[in-house]
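*Asks:* Pasting a structure below so you can have a look.
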Amino acid sequence: MATTVLHGCDLIDGTGAEPRHAVDIVVTDDTVREIVPTRPAETYGTVTLVEASGQLAIPGLINNHTHGTAYGPLFPSGHQALPPEQVRANLDRHLLEGTTTVLCVDGFVTAEGLARTNDDHPLTVKLASCNTPACLEAATVADGGGLTGEARAFTARQAVEAGPSRSVRSAPGTPSAAGERATCTSRPR
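According to our numbering, the sequence shown is numbered sequentially starting from 25.
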């Protein structure tokens with residue numbers, strides 16, 4: 025297990041509490057394990073230490089309306105899919121802005137397309153499905169250029185049965201408003 029310590033940062037935990045100053049955030053693999061007042065770096069032993077003094081750590085942000093963030097037809101109109109490198113670039117942009125979870129509302133992305141997206145990128149992508157007969161008919165009339173046979177056959181019921189995509193959560197008892205990854209970003213000057 026890889027352990028990383030964000031050393032000496034300030035923390036806004038998303039609960040509405042006052043900011044906590046000069047804390048260490050101990051992360052093992054993808055899970056926040058401990059948030060403690062800053063200790064001398066050498067007390068941590070063999071870890072990856074990220075000097076975060078002057079930085080602000082916040083829970084990962086969630087964008088609940090995105091397009092072009094999953095492998096599959098674009099927009100609810102079923103437009104031709106973006107190339108995978110463009111999808112990854114879109115996800116990179118979100119991640120660099122502190123977003124760790126997005127809801128892709130393109131509508132006709134399949135469970136397999138969503139799984140491939142989540143396997144290819146550290147950002148967590150969730151999906152809103154519009155795989156109903158009426159939406160499929162409307163998309164076909166409006167555009168439908170990206171609706172493959174697989175996308176046309178994938179139903180809303182199958183989307184529900186596929187369940188939510190994987191997500192990374194904080195350890196129980198660790199403050200995080202959304203329960204998602206923490207993000208460290210430069211404080212505005």
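No residue lacks a Cβ here, since even glycine has one placed at the ideal position from N, Cα and C.
Could you tell me which whole alpha helix (DSSP H) segments of length 4 or greater appear in the segment 133 to 198?
*Replies:* 135 to 144, 157 to 166, 173 to 177, 180 to 186
*Asks:* Beta-carbon separation of T28 and V47 under 8 Å?
*Replies:* no
*Asks:* The alpha helix (DSSP H) spanning P108 covers which residue range?
*Replies:* 108 to 120
*Asks:* Between H145 and the rest of its own chain, which residues show a CB-CB distance below 7 Å, the 5 nearest in sequence each way excluded?
*Replies:* R112, L115
*Asks:* What's the C-alpha gap between H118 and L73?
*Replies:* Near 25 Å, if we compare the C-alpha coordinates of L73 and H118.
*Asks:* Apart from the five residues just before and just after G170, which ones in its own chain have a Cβ nearer than 7 Å to its Cβ?
*Replies:* P97, L98, G102, H103, Q104, A105
*Asks:* Could you pull out every residue in the same chain whose Cβ sits closer than 6 Å to the Cβ of C128, ignoring the five residues on either side in sequence?
*Replies:* T90, T93, A94, V149, L151
*Asks:* How would you label R190, buried or exposed, when you count the other beta carbons within 10 angstroms and need 16 or more for buried?
*Replies:* Per-residue confidence for R190 stands at a pLDDT of 41, beneath the threshold of 50, marking its modelled position as unreliable; the derived number appears in the next sentence. By the neighbour-count definition (other C-beta atoms within 10 Å, threshold 16), R190 is an exposed residue.
*Asks:* Spatial neighbours of R44 within its chain, please: C-beta separation below 6 Å, excluding the five flanking residues on both sides.
*Replies:* L35
*Asks:* Find the nearest neighbour of I82 within the set N142, C154, A175, T39, judged by alpha-carbon distance.
*Replies:* Nearest option by C-alpha distance: T39.
*Asks:* List in chain order: all unbroken alpha helix (DSSP H) runs of 4+ residues lying wholly within the segment 78 to 111.
*Replies:* none
*Asks:* One question on the structure: do N142 and A180 come within less than 8 Å of each other, judged by their Cβ atoms?
*Replies:* no
*Asks:* Any idea which residues DSSP pairs V60 with across the strands?
*Replies:* D48
*Asks:* Buried or exposed: where does A76 fall if 16 or more other Cβ atoms within 10 Å of its Cβ makes it buried?
*Replies:* buried
*Asks:* Please identify the residue among M25, D53, L30 whose C-alpha is closest to the C-alpha of G78.
*Replies:* L30
*Asks:* Can you tell me whether A163 is buried or exposed? The criterion is at least 16 other CB atoms within 10 Å of its CB, across all chains shown.
*Replies:* buried
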